[in-house]
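Undergrad: Attaching a single structure in structure tokens format; questions to follow.
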Amino acid sequence: MQFITTEHYDQLSNKAAMIIAGQVSFKKNSVIGLATGSSPIGVYKSLVHLYKNDYIDFSEVSTLNLDEYLGIDPMDEQSYASFMRKNLFQNFNICTSNTHIPQSNPADVDAECIRYEQLIKHLGRIDLQLLGIGQNGHIGFNEPAAHFERETHVVELDQRTLQSNARYFESIDLMPKQAITVGIGTIMKARKIVLLASGHEKSEILDEAFFGPVTPAVPASILQFHPDVTVVADQAAMQVISRKGRL
Ligand code: F6R
Numbered sequence: 037m038q039f040i041t042t043e044h045y046d047q048l049s050n051k052a053a054m055i056i057a058g059q060v061s062f063k064k065n066s067v068i069g070l071a072t073g074s075s076p077i078g079v080y081k082s083l084v085h086l087y088k089n090d091y092i093d094f095s096e097v098s099t100l101n102l103d104e105y106l107g108i109d110p111m112d113e114q115s116y117a118s119f120m121r122k123n124l125f126q127n128f129n130i131c132t133s134n135t136h137i138p139q140s141n142p143a144d145v146d147a148e149c150i151r152y153e154q155l156i157k158h159l160g161r162i163d164l165q166l167l168g169i170g171q172n173g174h175i176g177f178n179e180p181a182a183h184f185e186r187e188t189h190v191v192e193l194d195q196r197t198l199q200s201n202a203r204y205f206e207s208i209d210l211m212p213k214q215a216i217t218v219g220i221g222t223i224m225k226a227r228k229i230v231l232l233a234s235g236h237e238k239s240e241i242l243d244e245a246f247f248g249p250v251t252p253a254v255p256a257s258i259l260q261f262h263p264d265v266t267v268v269a270d271q272a273a274m275q276v277i278s279r280k281g282r283l
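Each residue of the sequence shown is one higher than the one before, counting from 37 in the numbering used here.
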């Protein structure tokens, strides 16, 4: 487990983008696992900048998104499909057919989980998985639970997740209450994991996840068992870890 601490969010974003760029220049047809939410927006901006300046080529890359809300139109501004189009794909040289996100409105939700899981297996091992972390310790939408869920599944969003993500919707009542997420097993099988954490509100959970007990009550804590995790965090997110002299 490696920690890279940066002063601000912009530096965090550039650092993580450079790690992804390094992965893709080393292996052109890399499979990259992508996250949504506020944490990776700067990373995607930096990647677009690198592409526009001819530093990277994603034409052979495949991407697999971690999760998607259920019961939302894929064209809805708040769907993760729209998020990815707006923040990365539409400005980038990636083949749309190589980008994958769980469907938000499948006719059969269980069949969609099986389809996505098979797709992950077909693409092979994820070379680099980008993650954020929820204030309750979730990764993807693997919410605190009694056990670690291995494969793609439907989740009821946790009250804290609903409260935290309600900022993107007109009201919490209009927010989807369920999502499809890849499982912890898939995340753990990635060759390399890069986890982003920015801001004071991530400080307590970052400490709990990486220096507390490994428990499904804090899903990100499982990452302590992964052989290649890099946490890229700004000083605000590292506050509790620094105060407790963990590193
Ligand atoms: C979204 C995802 C979530 C977010 C987490 C943090 O695809 O995987 O686990 O990474 O909710 O969200 P932000 O970055 O908005 O704080």
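Idealized CB from N, CA, C, for every residue including glycine.
Since the model is a prediction, treat every value here as computed from it, not as a measurement.
In three-state terms, what does DSSP make of Ser95?
TA: Counting from 1 along the sequence shown, the entry for residue 95 is found at position 59. Coil.
Undergrad: According to DSSP, His189 sits in a beta bridge with which residue or residues?
TA: As a first step, residue 189 must be located in the sequence shown, where it is residue number 153. Bridge partners of His189: Thr217.
Undergrad: DSSP three-state call for Val250: helix, strand or coil?
TA: Locating residue 250 in the sequence shown gives position 214, counting from the first residue. Three-state DSSP puts Val250 in coil, outside helix and strand.
Undergrad: According to DSSP, which residues form a beta bridge with Ala269?
TA: To locate residue 269, count along the sequence shown from 1; it is residue 233. In DSSP, Ala269 forms a bridge with Thr41 and Ala233.
Undergrad: From the DSSP output, in three-state form, read off Ile162 for me.
TA: To locate residue 162, count along the sequence shown from 1; it is residue 126. Coil, per DSSP.
Undergrad: Out of curiosity, what's the CA-to-CA distance linking Met224 and Asp209?
TA: The residue you call residue 224 lines up with position 188 of the sequence shown. The residue you call residue 209 lines up with position 173 of the sequence shown. The alpha-carbon atoms of Met224 and Asp209 are separated by roughly 33 Å.
Undergrad: Touching or not, the stretch 82 to 102 and the stretch 58 to 69, by the rule of three or more beta carbon pairs under 8 Å?
TA: yes
Undergrad: How about Ile137 and Ala226: do their beta carbons lie closer than 7 Å?
TA: Within the sequence shown, residue 137 is the residue found at index 101, counting from 1. Within the sequence shown, residue 226 is the residue found at index 190, counting from 1. In this structure, Ala226 does not lie closer than 7 Å to Ile137 by Cβ.
Undergrad: Could you give the residue range of the alpha helix (DSSP H) that holds Gly69?
TA: Within the sequence shown, residue 69 is the residue found at index 33, counting from 1. Note, Gly69: premise wrong, no alpha helix (DSSP H); beta strand (DSSP E) at Val67 to Leu70.
Undergrad: Under 6 Å Cβ to Cβ from Asp103, same chain only, skipping five residues before and after it: list those, please.
TA: Sequence index remark: in the sequence shown, residue 103 carries index 67 (1-based). Hits under 6 Å: Gly176, Phe177, Ala215 and Thr217.
Undergrad: Taking only heavy atoms of the ligand F6R into account, decide whether any of them is closer than 6 Å to the Cβ of Ser66.
TA: Counting from one through the sequence shown, the residue named residue 66 turns up at place 30. No, the Cβ of Ser66 stays beyond 6 Å of every heavy atom of the ligand F6R.
Undergrad: Grab me the residues of Gly107's own chain with a C-beta within less than 6 Å of its C-beta, minus the 5 sequence neighbours each way, in chain order.
TA: The sequence position of residue 107 within the sequence shown is 71, counting from 1. The beta carbon of Gly107 lies closer than 6 Å to those of Pro212 in the same chain, with the five residues before and after it left out.
Undergrad: Under DSSP, the beta strand (DSSP E) around Tyr105 begins and ends at which residues?
TA: In the sequence shown, counting from the first residue as 1, residue 105 sits at position 69. Per DSSP, the unbroken beta strand (DSSP E) holding Tyr105 starts and ends at Asp103 to Tyr105.
Undergrad: Taking only three categories from DSSP, how would you classify Asn141?
TA: By 1-based counting over the sequence shown, the position of residue 141 is 105. Three-state result, Asn141: coil.
Undergrad: Given a cut-off of 7 Å on the beta-carbon distance, is the pair Asn127 and Ile77 in contact?
TA: Locating residue 127 in the sequence shown gives position 91, where the first residue counts as 1. Locating residue 77 in the sequence shown gives position 41, where the first residue counts as 1. Taking 7 Å as the Cβ cut-off, Asn127 and Ile77 do not qualify as a contacting pair.
Undergrad: Taking the alpha helix (DSSP H) that Met120 falls in, what are its first and last residues?
TA: Against the sequence shown, residue 120 aligns to sequence position 84. Segment Tyr116 to Asn123, the alpha helix (DSSP H) holding Met120.
Undergrad: By Cβ distance below 6 Å, which residues in the same chain neighbour Ser98 in space, the five residues on each side in sequence not counted?
TA: Taking the first residue of the sequence shown as 1, we reach residue 98 at position 62. Here the set comprises Val67, Asn134 and Leu159.
Undergrad: I want to check one thing, is the minimum distance from the CB of Ser115 to the heavy atoms of the ligand F6R below 6 Å?
TA: For the purposes of this step, residue 115 is identified with residue 79 of the sequence shown, where counting begins at 1. Because no heavy atom of the ligand F6R lies under 6 Å away, the Cβ of Ser115 does not count as near it: no.
Undergrad: Given a threshold of 16 other Cβ atoms within 10 Å of its Cβ, counted over all protein chains shown, does Phe261 qualify as buried or as exposed?
TA: Within the sequence shown, the letter at position 225 stands for residue 261. It counts as exposed.
Undergrad: So, are the CB atoms of Asp270 and Ser239 less than 7 Å apart?
TA: Start at 1 with the first residue of the sequence shown, and residue 270 comes out as number 234. Start at 1 with the first residue of the sequence shown, and residue 239 comes out as number 203. Against a cut-off of 7 Å, the Cβ pair of Ser239 and Asp270 comes out as no contact.
Undergrad: Helix, strand or coil, according to DSSP, for Leu167 in the structure here?
TA: Numbered from 1 along the sequence shown, position 131 holds the residue referred to as residue 167. It is a strand residue.
Undergrad: Is DSSP giving Asn172 helix, strand or coil here?
TA: As a working mapping, residue 172 is identified with position 136 in the sequence shown. Correct three-state label for Asn172: coil.
Undergrad: Taking the alpha carbon of Glu179 as the point to measure from, which residue in Val254, Met120 and Gln139 has its own alpha carbon closest?
TA: The residue you call residue 179 lines up with position 143 of the sequence shown. Answer by Cα proximity: Val254.
Undergrad: Exposed or buried, Gln165, counting other C-beta atoms within 10 Å across all chains shown (16 or more means buried)?
TA: Stepping through the sequence shown from its first residue, residue 165 is reached at position 129. Buried, since its Cβ has 16 or more Cβ neighbours within 10 Å.
Undergrad: Taking DSSP as the reference, what is the three-state secondary structure of Leu283?
TA: Taking the first residue of the sequence shown as position 1, residue 283 is located at position 247. Residue state for Leu283 is assigned as coil, using DSSP reduced to three classes.
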